[in-house]
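Inspection log for the structure reproduced underneath, given as structure tokens.
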Amino acid sequence: MDDIGITYYEDSRVFKLDTPNTSYMIQIVDEEGFLGHMYYGAKLPDTTFGDWLRTKEYPFIPSKNNRERLAFLDALPMEYPTHGVGDFRLSALEIKTQGGHHACSITYFDHKIYKGKPNLTGLPATFGSDEECETLELTCKDSVLNLTVILNYTVFEDVDVITRSAKVVNEANQPIKLLKVLSASFDLEDDNYELITLHGAWARERMVERRKIAHGIQGVSSSRGETSQQEHPFLSIVNKTTTEDYGEAYGINFVYSGNFIAQAEKCSSDLIRIAIGINPVNFEWNLDPGEIFTSPEAVMVYSNQGIGQMSRTFHDLYRNHLIRGKYKDSERPILINNWEATYFDFNTDKLLDIARNAARLGIEMLVMDDGWFGKRNDDNTSLGDWYVNEEKLPGGLNYLVEEINKLGMKFGIWMEPEMVSKDSDLYREHPDWAIQVPNRTAALGRNQYVLDLSRKEVRDYIYERIRSILHSANIAYLKWDMNRPLTDLGSYALDEHSQGELSHRYVLGVYELQERLISEFPDLLLENCSSGGARFDPGMLYYSPQIWCSDDTDAIERLKIQRGTSMIYPLSTMGAHVSDCPNHALGRNTPFETRGYVALSGTFGYELDVTKISEEDQNKIPEQVAMYHKYNQLIRSGDYYRIASMMDDPTFDCTMVVAKDKSEALVTYIQVMARVAYRNRRIHLKGLEENSYYLWEETGEVYSGAVYMNVGITMDGLWGDYQGKLIHLIRQ
Ligand code: DGJ
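According to our numbering, the sequence shown is numbered sequentially starting from 8.
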């Protein structure tokens, strides 16, 4: 790894974690051994270090005699701050002893540095081989509580990423309650920093928001039992002057699919503490003697080449070190999903009609969405009754799938395994399998309850249903949906001391089910979904290479949604379809071509009744299919550049993908609103080789990369609103 890896400098008691372009440093402070967060940023070549933690600066001097201990504890940039002993800023760890006390203080005990990266049992996590990764295990102890905290850090050889997680081990002979165990925390000296977060709603996921970091605590969270549409487990900390291409950008993301907090606190000494982890709201964990609690993983990125480079680093990490399975690096079949085509109103004949026409146009897979099971003709019933409705599908799944396979198409199916309808045989038989508080009427969402996946018998039952459906026919794809958050937290299987564990146990249950699924069906293409994109997070990406991005399939709205999503996640993960117009979410009409260009920056597929759209639009599908096959490899594996966003200027949007070897590039330009009495817009491309010459395939012109990037290219030939075009450049 040469200068990439982890070094311990014994003289200065400094751990230095080096990625290709960044350094992260921790120092053991004082003979007591507090862990101070020394530095995170651009790579430092140094091997000797000064008093960067400023522990010699009065009154922030560590003091064994306790006289000014508070001044020290409340000002030291702490590596993993604990609650209750004098650091009044955000804490990463809070406990409660049997005696009801909350004080906890951890100091350095021991460490290990080794090649590779350990798995996090039962949790999704990034991975890498011994050649690719190095790990630091920093063991700390609270000697009063007999509590051990192991902080894990991994650096990667090929990406500017540091991953973190924490393990808490109870070595006492009494149980202890964990009230808060975050995954990562670090302090930065303020430099006019701003915070970028992603907020949203159903059909409006991951809108980018930027604000100044003020004194006090600010941040985002979810207590919905899932990551949520409303806020996202991600913070980016940028300078006031940082842009897409220039300046510093820190990014922190959470490999977890449940409740989270991601916070920044600017304190009176102008340090900013960044913290991310499981939301302490709805969380308590009993740690019996000898037991271990493992936090999920946090991913940290630093870029001094702007926000764009931060995003590309996340993309590379997730493509190479998180997503698994057959479809990690391969083209996915172009699917047509019947949700917006038929909603619940379909049967075998209707699906075959769609499939026949779709196959003729080159579409490769039919996905049968919600409504094929139990008595489900609307969303009020039957979740949990995973038996084929033979009134709708005479001959069952097998007949339908065989007929579809005969057309040369694959078949995919929708399920919502985590839920149970109030009106279902499953709920009538096992009302106690739903998450509910005894004697309290639980809130319904879409007329359904959430199954208590903390219970093994519930997971086993659901898994048996999923596998028996998947084994009953030749099913190549599963859309795993989840359409309401968790409320009325109560499990009939947990005692009164353990109810606080339900939310986390639920998420672990989802992970266990999906791990079982992909182990038994390694060729299955799994797409996660949650009322659109309410659970679009790295946790789910560990199990499924793609996630349905949003129920808003309008091409123009998708520009915003996909832009926010691209802050962290690669295009290969974004479920994106061409749907019918007027768009079902907001009634907008956009040209069929534009819908294709926007969906191309995702997994690409269709969500319409192909038998009902105009012949003119039908005829465009084979061209779009060819477009997908031509560009998908580039889009899946290339470097993504955001050039202009309609969030900044509502009249246009432009992005591009450049091949890793710079041999080709694809620009997507959307003229959102036409303008009059202006010259055509000129776009400056990014990421090309300055001294290589590129053929502009559509015009036959050849220019150097320097020309495309500095002079730019003129967007002409577009007439009217919502028009788009692709520009393909090929290195000569
Ligand atoms: C929500 C999903 O986002 C939609 O695509 C569709 O599958 C519906 N659920 C079905 O109920």
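Idealized CB from N, CA, C, for every residue including glycine.
- DSSP assignment within the segment 423-473 yields the following whole beta strand (DSSP E) runs of 3 residues or more, N-terminal first: 426-428, 455-457.
- Partner residues in the beta bridge of valine 674, as assigned by DSSP, are Met663, Ile734.
- The continuous stretches of beta strand (DSSP E) do not include serine 573, which lies in the alpha helix (DSSP H) extending over residues 562-573.
- Straight-line measurement puts the Cα of proline 84 at about 41 Å from the Cα of aspartate 660.
- Glycine 284 and leucine 329 have their C-alpha atoms spaced approximately 18 Å apart.
- With a beta-carbon spacing of about 53 Å, asparagine 687 and serine 510 fall beyond the 8 Å limit used to define contacts.
- For valine 168 and leucine 324, the gap between their C-alpha atoms comes out near 8 Å.
- Judged by the Cβ position, serine 538 qualifies as a neighbour of ligand 1 at the 7 Å threshold, a heavy atom of the ligand being closer than this.
- In this structure, tryptophan 393 has its CB at a distance of at least 7 Å from all heavy atoms of ligand 1.
- Classified as exposed, proline 529 has fewer than 16 neighbouring CB atoms from the shown chains inside 10 Å of its CB.
- In the assembly as shown, tryptophan 726 is an exposed residue. Its beta-carbon has fewer than 16 other beta-carbons within 10 Å.
- At least one heavy atom of ligand 1 is found less than 7 Å from the C-beta of aspartate 386.
- Tryptophan 487 has its Cβ no nearer than 7 Å to any heavy atom of ligand 1.
- Judged by DSSP secondary structure, alanine 684 falls outside any alpha helix (DSSP H); it is assigned neither H nor E.
- In the structure shown, methionine 416 adopts coil according to DSSP, grouped into three states.
- Val162 is the residue among Lys148, Val162, Arg96 whose C-alpha sits nearest the C-alpha of methionine 32.
- Residues Lys50, Asp167 of the same chain have their beta carbon placed closer than 6 Å to that of asparagine 28, with the five preceding and five following residues left out of the count.
- Fewer than three Cβ pairs drawn from the segment 361-368 and the segment 380-398 lie within less than 8 Å of each other, which leaves the two stretches out of contact.
- Shown here, glutamate 38 sits in coil according to DSSP, grouped into three states, outside any helix or strand.
- In the displayed model, serine 190 falls within a strand according to three-state DSSP.
- Shown here, phenylalanine 300 sits in a strand according to DSSP, grouped into three states.
- For tryptophan 346, the shortest C-beta to heavy atom distance toward ligand 1 is below 7 Å.
- Residue side-chain check: asparagine 590 keeps its Cβ at 7 Å or more from all non-hydrogen atoms of ligand 1.
- Residue pairing of glutamine 506 in beta bridges, as defined by DSSP: absent, with no partner found.
- Taking arginine 280 as reference, the option from Asn289, Tyr257, Leu294, Val262 with the minimal CA-CA separation is Tyr257.
- A heavy atom of ligand 1 is found nearer than 7 Å to the CB of asparagine 490.
- Here the distance from the Cβ of aspartate 377 to the nearest heavy atom of ligand 1 is below 7 Å.
- Cβ-Cβ distances below 6 Å link tryptophan 292 to Leu185, Phe300, Glu508 in the same chain, with the five nearest sequence neighbours on each side left out; the list follows chain order.
- Per the Cβ contact rule, the segment 635-647 is in contact with the segment 305-322 (3 or more Cβ pairs under 8 Å).
- Within the same chain, Cβ atoms closer than 6 Å to the Cβ of histidine 735 are found at Leu673, Glu704, the five residues on either side in sequence being excluded.
- For leucine 641, there is no enclosing beta strand (DSSP E); the enclosing alpha helix (DSSP H) has its first and last residue at 622-644.
- Excluding its 5 nearest sequence neighbours in each direction, leucine 414 has C-beta neighbours in its own chain below 7 Å: Ala362, Arg363, Ala366, listed in chain order.
- Serine 136: not part of any beta strand (DSSP E); DSSP gives it neither H nor E.
- Ranked by Cα distance from glycine 719, the options Gly135, Gln739, Glu697, Tyr309 are led by Glu697.
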